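Take a look at the structure set out below.
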Amino acid sequence: MGKRAVAAVYPFLLLMAAMSGCLSESVEEAPLSPDEVFVAEPTDTRECFEHDDQERCWMIHIPANTTLEYCQEQSCPLLIDLHGRHVTAELQNNLSDFARVTDADHTILLHPEGIGWGWNFGWCCGEENDVDFLLTLIDHMVEDRSADASRVYLSGWSNGCFMSQEMAMVASHKITAIACMAGYTVEPISADYSPIPVMEFH
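As structure tokens, then:
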């Protein structure tokens, strides 16, 4: 599937859930804390933390002029795009190319990495608690990057689509909407599920 079709997922998320700066001051030559690395140009970095005794990492894209102050005073949505099995976060980023359309909304864009290039969404794949990893990652972004906890969106391809749907079912209290491709789950719906907007392209 081409980049146009993949990138079309994001406008759908905008319509489904109504996703709704100034240049930074010059900085002194001194080490910056993570909260201060919000600059006039887009920022693309790789970050990690420890989860269940494993290093878990993700790529983060912060749009131009999306300062910490802006996110605190306005609203910075969070979009998490999950790679397919045997696909890296970098390849998923290149496939979806979401930054072309997300930057205008000051959306913080994440491409997390699954262990062994895959996600454990229930009946496949691996033994890692990826639901808890993603929930922890969301909380981390809300706390450290001031992402809007009421505007958390998931997308994904294949195995990442299954994982997005698993998150929608078991964490509907955290996820605003999902739209994903090439994966249709048959997992049972949890008893405490609250319906959220979902679209799956197959």
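The number in my numbering is simply the position in the sequence shown, starting from 1, with 378 added.
Glycine residues also receive a C-beta, built at the ideal position from the N, C-alpha and C atoms.
Note that this is a predicted model, so its numbers are computed, not measured.
TODO: Could you check what DSSP says for Ser533 in three-state terms: helix, strand or coil?
DONE: strand
Task: Cβ neighbour criterion (16 or more within 10 Å) applied to Thr353 - done: Absent from the model: residue 353. The displayed extent of the chain is 379 to 580, so no value can be given.
Open item on the list: Within the continuous alpha helix (DSSP H) that includes Ile516, where are the two ends?
Closed with: Asp508 to Arg523
Task: Short Cβ contact (8 Å threshold) for Ile556 with Ala546 - done: yes
- [ ] Name, in chain order, the residues that DSSP records as bridge partners for Ala557.
- [x] Met577
- [ ] Rounded to whole angstroms, what's the CA-CA distance from Ile574 to Gln543? Just pull it up for me.
- [x] 11 Å
Open item on the list: Quick check: Phe499 and Leu487, are their CB atoms within less than 8 Å of each other?
Closed with: no
- [ ] Within the same chain, show all residues whose beta-carbon is closer than 6 Å to that of Phe540, passing over the 5 residues directly before and after it, in chain order.
- [x] Phe499, Gly561 and Thr563
TODO: Would you mind reading off the limits of the beta strand (DSSP E) that contains Glu428?
DONE: Thr421 to His429
Task: For Glu447, the nearest candidate out of Asp522, His429, Ala482 and Asn471 (CA to CA) - done: Asp522
Task: Reference Asp431; option with closest CA among Val530, Leu473 and Phe511 - done: Phe511
Task: Assigned secondary structure, Trp495 (DSSP; H/G/I helix, E/B strand, else coil) - done: helix
Task: Beta-carbon contacts of Trp497 that lie in its chain and below 6 Å, excluding the five residues immediately before and after - done: Asp508, Asn537 and Met541
TODO: Could you check the C-alpha separation between Gly462 and Trp495 for me, to the nearest Å?
DONE: 8 Å
- [ ] Look at the alpha carbon of Phe427 and the alpha carbon of Ile438, and state the distance between them as a whole number of angstroms.
- [x] 13 Å
- [ ] Kindly list the residues whose CB is nearer than 7 Å to the CB of Thr514, restricted to its own chain and excluding five residues on each side of it in sequence; keep chain order.
- [x] His429
Open item on the list: Please report the distance separating the alpha-carbon of Val548 from that of Ser572.
Closed with: 9 Å
Open item on the list: Within 10 Å of its beta-carbon, does Asp517 have 16 or more other beta-carbons around it, so buried, or fewer, so exposed?
Closed with: exposed
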